[in-house]
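Visitor: Below is one structure. I have some questions about it.
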Amino acid sequence: MKGKTKVDVARAIQAIKESVTIQYVKLHADQKEGKTLDIILKKAKHRMVENMSSSTADALGLSRAILCNDGLVKKLEELEQNSAVYKGMVEHTKRILQSFFQMAQLHKELGDIFASIGVRELQPNASEGFAIFAECHRNFNKEGINFLKKVKPMLSDLNTYLTKAIPDTKLTIQKYADAKFEYLSYCLKVKEMDDEEYGYAALHEALYRVETGNYDYRVVLRCRQLAREKFAKLRSDVLVKMELLDNKHVQDLVYQLQRFLEAMTVFHKNSEDELNKANVFPIEVDICGGSLTRTFDN
364 MKGKTKVDVA RAIQAIKESV TIQYVKLHAD QKEGKTLDII LKKAKHRMVE
414 NMSSSTADAL GLSRAILCND GLVKKLEELE QNSAVYKGMV EHTKRILQSF
464 FQMAQLHKEL GDIFASIGVR ELQPNASEGF AIFAECHRNF NKEGINFLKK
514 VKPMLSDLNT YLTKAIPDTK LTIQKYADAK FEYLSYCLKV KEMDDEEYGY
564 AALHEALYRV ETGNYDYRVV LRCRQLAREK FAKLRSDVLV KMELLDNKHV
614 QDLVYQLQRF LEAMTVFHKN SEDELNKANV FPIEVDICGG SLTRTFDN
């Protein structure tokens with residue numbers, strides 16, 4: 364029914380009481396044919412309006428009703444906040460580990476100093492006291508190193524979440540948003556072409572593309588269908604990744620903090636035990652080769 368609108372064709376089919384045989388020319392269209400400059404500009408407009416407030420869009424005469432309240436796109440803001448939290452945790456953990464390493468090195472140096480004093484001390488009791496106190500500080504150093512070994516993997520886990528999990532999800536959301544804008548652009552193009560066709564029909568005038576098989580319209584419909592399939596697939600991917608990321612965020616954050624607190628508790632408990640075992644005070648030191656004795660109290 365060349366030159367007829369969709370409404371005319373539908374009415375003609377309904378008017379026939381018997382079976383209807385429909386013959387049509389199969390469309391062999393490349394999706395690239397439908398991605399015209401008009402679609403690209405519509406896509407750019409949708410992307411621009413997405414980041415506008417309702418009042419700004421209204422003032423510019425741009426509708427954003429179909430675009431607003433998209434929870435998945437808004438998840439980007441939550442990911443940015445989570446990323447900032449994890450960056451802060453990584454930096455703070457690094458500073459703590461550096462401080463603990465410096466403290467462990469200081470304990471080792473103090474242990475060496477006390478051991479050197481003990482070796483030179485003539486009085487047996489004082490020499491033994493300094494040796495015990497030196498060993499205590501060396502054990503402090505060992506406990507500090509053990510703490511670092513337990514907590515250091517925490518940095519690797521946090522960095523994995525920060526540098527891989529979050530960026531990968533953000534990239535998927537951005538792809539989803541791009542597919543959404545493209546799908547909406549084709550929807551808008553189809554509506555414009557429908558309105559154009561209805562307008563010509565109301566004026567009882569022939570529309571050239573309808574007269575010539577409506578190829579452009581069919582190409583746009585095909586592109587809209589493909590864009591819809593891509594949009595639906597990416598939306599499903601985003602939902603799955605967001606659920607996994609949310610679960611990992613809650614569980615992993617708790618696990619990392621528990622790991623840190625447990626390591627800190629073990630360090631302080633073992634250090635306290637070492638200090639209690641090194642109860643060697645007061646230590647009597649012969650400063651003048653036996654003529655003077657001083658007592659150092661803790």
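Number 568 in the working numbering belongs to position 205 of the sequence shown; there are no gaps in the numbering. Using N, Cα and C, we set each Cβ at its ideal position, and we do this for glycine too. Given the structure is predicted, the values throughout are model-derived calculations rather than measurements.
Using CA coordinates, which residue listed in GLU381, ASP636, HIS612, GLU413 is at the minimum distance from LEU525?
Guide: For the residues GLU381, ASP636, HIS612, GLU413, the minimum Cα distance to LEU525 belongs to HIS612.
Visitor: Under the three-state reduction of DSSP, which class applies to SER479: helix, strand or coil?
Guide: It is helical.
Visitor: Taking C-beta to C-beta, are LYS438 and ILE536 nearer than 8 Å?
Guide: A contact, by the Cβ cut-off of 8 Å.
Visitor: State the start and end residues of the unbroken alpha helix (DSSP H) segment that holds TYR539.
Guide: Run containing TYR539: 529-565, per the alpha helix (DSSP H) assignment.
Visitor: What would DSSP say about SER382, mapped onto helix, strand or coil?
Guide: Here SER382 sits in coil by DSSP.
Visitor: By the three-class DSSP mapping on this structure, what secondary structure does GLY434 have?
Guide: In this structure, GLY434 counts as helix in the three-state DSSP scheme.
Visitor: Within a Cβ cutoff of 8 Å, which residues of the same chain sit near ASN445, ignoring the five residues on either side of it in sequence?
Guide: Closer than 8 Å at Cβ, skipping near neighbours: ILE529, HIS612.
Visitor: On the premise that HIS409 lies in contact with LEU511, defined as a C-beta separation below 8 Å, what is that separation, rounded to the nearest angstrom?
Guide: Contact doesn't hold; Cβ gap of about 51 Å is too wide.
Visitor: Tell me whether the beta-carbon of LEU597 lies closer than 8 Å to the beta-carbon of THR532.
Guide: Result no, Cβ atoms of LEU597 and THR532 do not sit closer than 8 Å.
Visitor: My guess is that ASN504 and HIS470 are in contact by the Cβ rule of under 8 Å, so how many angstroms apart are they, rounded?
Guide: Between HIS470 and ASN504 the Cβ distance is about 4 Å, and since that is below 8 Å, they are a contact.
Visitor: How would you label GLY351, buried or exposed, when you count the other beta carbons within 10 angstroms and need 16 or more for buried?
Guide: Because the chain in this structure spans residues 364 to 661, residue 351 falls outside the shown range and cannot be described.
Visitor: By alpha-carbon positions, which one of VAL514, ARG581, CYS586, GLU568 ends up nearest to ALA542?
Guide: The shortest C-alpha separation from ALA542 is found at CYS586.
Visitor: Report all residues from its chain with a CB closer than 7 Å to the CB of PHE623; omit the five preceding and five following residues, and keep chain order.
Guide: Taken in chain order, the residues that qualify are VAL514, MET517.
Visitor: So, is ASP660 buried or exposed, given that buried needs 16 or more other C-beta atoms within 10 angstroms?
Guide: Since pLDDT at ASP660 reaches only 47, below the 50 mark, its modelled position is unreliable, and the value read off the structure follows with that caveat. Exposed, since its Cβ has fewer than 16 Cβ neighbours within 10 Å.
Visitor: Leaving out the 5 sequence neighbours to the left and right, which residues in its chain are closer than 7 Å to ASN633 when beta-carbon positions are compared?
Guide: Answer for ASN633: GLU506, listed in chain order.
Visitor: Taking a contact to mean a Cβ-Cβ separation below 8 Å, would you say GLY474 touches ARG501 in this structure?
Guide: Yes, they are a contact pair.
Visitor: So for THR523, helix, strand or coil by DSSP?
Guide: Of the three classes helix, strand and coil, the one that applies to THR523 here is helix, per DSSP.
Visitor: Between which residues of its own chain and LEU460 is the CB-CB distance below 8 Å, once the five residues before and five after are set aside?
Guide: Excluding positions up to five away in sequence, the list reads LEU511, VAL514, LYS515, LEU518.
Visitor: Does DSSP classify LYS398 as helix, strand or coil?
Guide: Correct three-state label for LYS398: coil.
Visitor: For ARG483 and GLY492, what's the separation of their Cα atoms in angstroms?
Guide: Their backbone Cα atoms lie some 12 Å apart in a straight line.
Visitor: Nearest to ASN642 by CA position, among VAL448, ALA494, MET452, ALA467, is which residue?
Guide: Among VAL448, ALA494, MET452, ALA467, the Cα nearest to that of ASN642 is on ALA494.
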